[in-house]
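Written out below as structure tokens is the structure these notes cover.
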Amino acid sequence: MDGRRTSGPEPGSPPPVLAYDGDCGFCQSCVDRIRSLAAPALEAVPWQFLPEESTAAHRARLDREVLLLRGATVVAGGADAVARWLGSSPSAGYRVAGAVPRLPGVRACARVVYRAVARNRHRLPGGTPACALPRVGAR
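In this text, residue positions in the sequence shown follow our numbering: the first is 23, and each later residue adds one.
Next comes the structure, spelled out in structure tokens:
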């Protein structure tokens, strides 16, 4: 969940896609809310609807965090992925809001907050028991 970029884009490669848990009501409501307010240019798709060849190697992470994927390559994860997605907004204000969590010093805090929200998403508005993260080692 470190969110570090794993490789650069290949020439002519498609833009990254934010892959989120479509079975989680909290995740879906967050994506819907950000779409309606910020209109990010990058697409957000439930990972369950993406080609298996893009998601198979990342299933453990996708159960726990959003990933910004370019094909089967992880561009960013967790708070970093959300910040990049938000930063793709045509609105300058939302681009700034997406840049702030990526600043040194703020990045570490954003990651801690993201992990706390992810661990408790089943308790948050829109969340259900189905949103709970799988226990470590459980599949």
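All residues carry an ideal CB built from backbone N, CA and C; glycine is no exception.
- Message: Please report the distance separating the alpha-carbon of residue 117 from that of residue 138.
- Response: For this step, residue 117 is matched to residue 95 along the sequence shown. For this step, residue 138 is matched to residue 116 along the sequence shown. So the alpha carbons of these two residues sit roughly 24 Å apart.
- Item | Contacting residues, own chain, Cβ-Cβ under 6 Å from residue 48 (five flanking each side not counted) | If you number the sequence shown from 1, residue 48 lands on position 26. Taken in chain order, the residues that qualify are 143, 146, 148, 149 and 153.
- Query: Is residue 97 helix, strand or coil when you go by DSSP?
  - Reply: The count along the sequence shown starts at 1 and reaches residue 97 at position 75. If DSSP states are grouped into helix, strand and coil, residue 97 belongs with the strands.
- Task: Enumerate, from N- to C-terminal direction, the unbroken alpha helix (DSSP H) stretches of 4 or more residues contained entirely within the stretch 86 to 134.
- Result: As far as the stretch 86 to 134 is concerned, its whole alpha helix (DSSP H) runs of at least 4 residues are 100 to 108 and 114 to 121.
- Task: From the DSSP output, read off the bridge partner residues of residue 42.
- Result: Here residue 42 corresponds to residue number 20 of the sequence shown, with the count starting at 1. According to DSSP, residue 42 bridges with 68.
- Task: Rounded to whole angstroms, what's the CA-CA distance from residue 182 to residue 91? Just pull it up for me.
- Result: Coverage of the chain is limited to positions 23 through 161, which leaves residue 182 absent and any answer about it impossible.
- Does the separation of the CB atoms of residue 41 and residue 108 fall below 7 Å? Counting from 1 along the sequence shown, the entry for residue 41 is found at position 19. Counting from 1 along the sequence shown, the entry for residue 108 is found at position 86. Taking the C-beta atoms as reference points, residue 108 is found no nearer than 7 Å to residue 41.
- Query: residue 25 by DSSP, collapsed to three states: which one?
  - Reply: Against the sequence shown, residue 25 aligns to sequence position 3. In this prediction, residue 25 has a pLDDT of 46, which is less than 50 and means its spatial position is unreliable; nothing more can be read from the coordinates.
- Residue from 63, 100 and 105 with nearest C-alpha to residue 80: As a first step, residue 80 must be located in the sequence shown, where it is residue number 58. Shortest Cα-Cα distance from residue 80 to any of 63, 100 and 105 involves 100.
- Query: In terms of residue numbering, what span does the alpha helix (DSSP H) encompassing residue 60 cover?
  - Reply: Residue numbering aside, residue 60 sits at position 38 when the sequence shown is read from its first letter. Unbroken alpha helix (DSSP H) run through residue 60: 47 to 60.
- Query: residue 105 and residue 132 look like a contact to me (Cβ under 8 Å); what is the Cβ gap, rounded to whole Å?
  - Reply: On the sequence shown, residue 105 is found 83 positions in, with the first residue counted as 1. On the sequence shown, residue 132 is found 110 positions in, with the first residue counted as 1. Confirmed, about 7 Å.
- Query: For residue 35, does the three-state DSSP call read helix, strand or coil?
  - Reply: By one-based count along the sequence shown, residue 35 stands at place 13. Of the three classes helix, strand and coil, the one that applies to residue 35 here is coil, per DSSP.
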